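Participant:
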Amino acid sequence: MSHVGLSKMTRIEVVTTGADAPAVRELFTTAGAAGYTSLSGVSGLGHGGYHQGRLLFNDQATLELLITVVSDEKVDALLAGLRPLLDESSGVMFVSDTYVSRPEYFQ
Amino acid sequence: MSHVGLSKMTRIEVVTTGADAPAVRELFTTAGAAGYTSLSGVSGLGHGGYHQGRLLFNDQATLELLITVVSDEKVDALLAGLRPLLDESSGVMFVSDTYVSRPEYFQ
Amino acid sequence: MSHVGLSKMTRIEVVTTGADAPAVRELFTTAGAAGYTSLSGVSGLGHGGYHQGRLLFNDQATLELLITVVSDEKVDALLAGLRPLLDESSGVMFVSDTYVSRPEYFQ
Numbered sequence: 000m001s002h003v004g005l006s007k008m009t010r011i012e013v014v015t016t017g018a019d020a021p022a023v024r025e026l027f028t029t030a031g032a033a034g035y036t037s038l039s040g041v042s043g044l045g046h047g048g049y050h051q052g053r054l055l056f057n058d059q060a061t062l063e064l065l066i067t068v069v070s071d072e073k074v075d076a077l078l079a080g081l082r083p084l085l086d087e088s089s090g091v092m093f094v095s096d097t098y099v100s101r102p103e104y105f106q
Numbered sequence: 000m001s002h003v004g005l006s007k008m009t010r011i012e013v014v015t016t017g018a019d020a021p022a023v024r025e026l027f028t029t030a031g032a033a034g035y036t037s038l039s040g041v042s043g044l045g046h047g048g049y050h051q052g053r054l055l056f057n058d059q060a061t062l063e064l065l066i067t068v069v070s071d072e073k074v075d076a077l078l079a080g081l082r083p084l085l086d087e088s089s090g091v092m093f094v095s096d097t098y099v100s101r102p103e104y105f106q
Numbered sequence: 000m001s002h003v004g005l006s007k008m009t010r011i012e013v014v015t016t017g018a019d020a021p022a023v024r025e026l027f028t029t030a031g032a033a034g035y036t037s038l039s040g041v042s043g044l045g046h047g048g049y050h051q052g053r054l055l056f057n058d059q060a061t062l063e064l065l066i067t068v069v070s071d072e073k074v075d076a077l078l079a080g081l082r083p084l085l086d087e088s089s090g091v092m093f094v095s096d097t098y099v100s101r102p103e104y105f106q
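Chains as they are written, first to last, in numbering that gives the first Met the number 0: chain A, 0 to 106; chain B, 0 to 106; chain C, 0 to 106.
1) Please state whether DSSP places A/D96 in a helix, a strand or coil.
2) What residues from chain A crowd round C/M92, counting only those whose CB sits closer than 7 Å?
3) Exposed or buried, which one is B/D19 when buried takes at least 16 other CB atoms within 10 Å?
4) What three-state label does DSSP hand B/R10 in the structure shown?
5) Tell whether a beta-carbon distance below 8 Å holds between B/G43 and C/S37.
6) Would C/S95 count as contacting chain A if we go by Cβ distances under 8 Å?
7) List the residues of chain B whose Cβ lies closer than 7 Å to the Cβ of C/S39, in chain order.
8) Any beta carbon of chain C sitting closer than 8 Å to that of B/V69?
9) Nearest to C/G80 by CA position, among C/L64, C/G45 and C/F27, is which residue?
10) Go ahead and pull the three-state DSSP assignment for B/G90.
11) Using a cut-off of 9 Å between C-beta atoms, extract the partners of B/T36 located in chain A.
12) List, in order along the chain, the chain A residues whose C-beta lies closer than 7 Å to that of B/R10?
13) Out of curiosity, what's the CA-to-CA distance linking B/L85 and B/L77?
14) How big is the Cα-Cα spacing for B/M92 and B/I11?
15) In three-state terms, what does DSSP make of A/T67?
16) Hey, how far is the Cα of B/P83 from the Cα of A/L64?
17) List the endpoints of the continuous beta strand (DSSP E) containing B/L38.
18) What whole-angstrom Cβ distance do C/Y35 and B/V94 have, given they're in contact under 8 Å?
19) Based on the DSSP secondary-structure assignment, which residues constitute the bridge partners of C/T15?
20) Work out the CA separation of A/P21 and A/G31 for me, nearest whole Å.
21) For a contact defined as C-beta to C-beta under 9 Å, what are the partners of B/R119 on chain C?
22) Three-state secondary structure (DSSP) at B/R101?
23) What's the call for C/T61, buried or exposed, on a 16-neighbour Cβ count within 10 Å?
24) Apart from the five residues on each side of it in sequence, which residues of its chain come closer than 7 Å, Cβ to Cβ, to C/V14?
25) Excluding the 5 residues flanking C/R24 on each side, which residues of the same chain have their C-beta closer than 8 Å to its C-beta?
26) Work out the CA separation of C/P102 and A/K7 for me, nearest whole Å.
27) Determine the burial state of A/G4: buried for a count of at least 16 other Cβ atoms within 10 Å of its Cβ, exposed for fewer.
28) Rounded to the nearest angstrom, what separates C/S88 and C/V68 at their Cα positions?
29) Which of the three DSSP states, helix, strand or coil, is assigned to B/A22?
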């Protein structure tokens, strides 16, 4: 990725139950994320659910996909906060590189 | 991407019609994916639709976005299964790198 | 990412209000994108909203997540068109690498 005017950031996505989503959103904000996007209409079968001997998600459960984008130096703190929350709940997390044109919007 | 405790995986996303979504989900599972996430409320204009001389998706069609995350060694088998399915239907597929904190959940 | 038969492309995602979504979709198409995917059921708190002294998005606002995938040489033109549109509205944009198996579908 090498386009004029793009800055590298980190995108963190969490799939979690509607019940746990507010705690995840609050964690995003307290860890320094300037915003987030929530998607409803999400269902799923838990990654690892069957392998853990318990069904993490079922096809009927209403889930949310929460997306935030933060500057790289905030990632470790955000992940440190998310891990215990996801261990207790049945959420999964994906972390990836992304690029934005206005990094100051995400500070 | 170099954060403590993250493992590289591959994220595979398919946008397909509601009718074809169950076959894609079944393929994910038989190819060794431990789970998936389905998003409804999806519409779209088919990538390549106009260029193929036929409208793959129209704005009214109800589509689904299906996401799975697998370890890298499962990717080739999953793609080999998806290609003929997507050739017959009107789905599109995106493949990207992602990182997870608990790779055992995705095995 | 080095899997047989995959071609590198660029994925551009925009989170914007339902009111601004048609203009973004039209821009995708005029910039040469062969298609797009729209997700509804999206809400969010604006990246940078609080830091700008104004609330870009509020939790009640109905937003859309628009996704398009284009070949790399179309990215700069697409971004050049999107920037003024996003500056006027309250949208955010994420750009990332992705891989597809049928690049001709995205031309």
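Glycine residues also receive a C-beta, built at the ideal position from the N, C-alpha and C atoms.
Quick caveat, the model's predicted, so the values are computed rather than measured.
Facilitator: So, from the listed chains and residues:
1) strand
2) V99 and S100
3) buried
4) strand
5) yes
6) yes
7) G40
8) no
9) C/F27
10) coil
11) V14, V41, S42, G43, L44, H46, F56, L62, L64 and V91
12) F93
13) 12 Å
14) 7 Å
15) strand
16) 29 Å
17) Y35 to L44
18) Wrong, their Cβ atoms sit about 18 Å apart, outside the cutoff.
19) C/E63
20) 16 Å
21) Any answer about residue 119 of chain B is impossible in this case: the structure gives chain B only from 0 up to 106.
22) coil
23) exposed
24) V41, G43, L62, L64, G90 and V91
25) Y35, S37 and L65
26) 25 Å
27) exposed
28) 22 Å
29) helix
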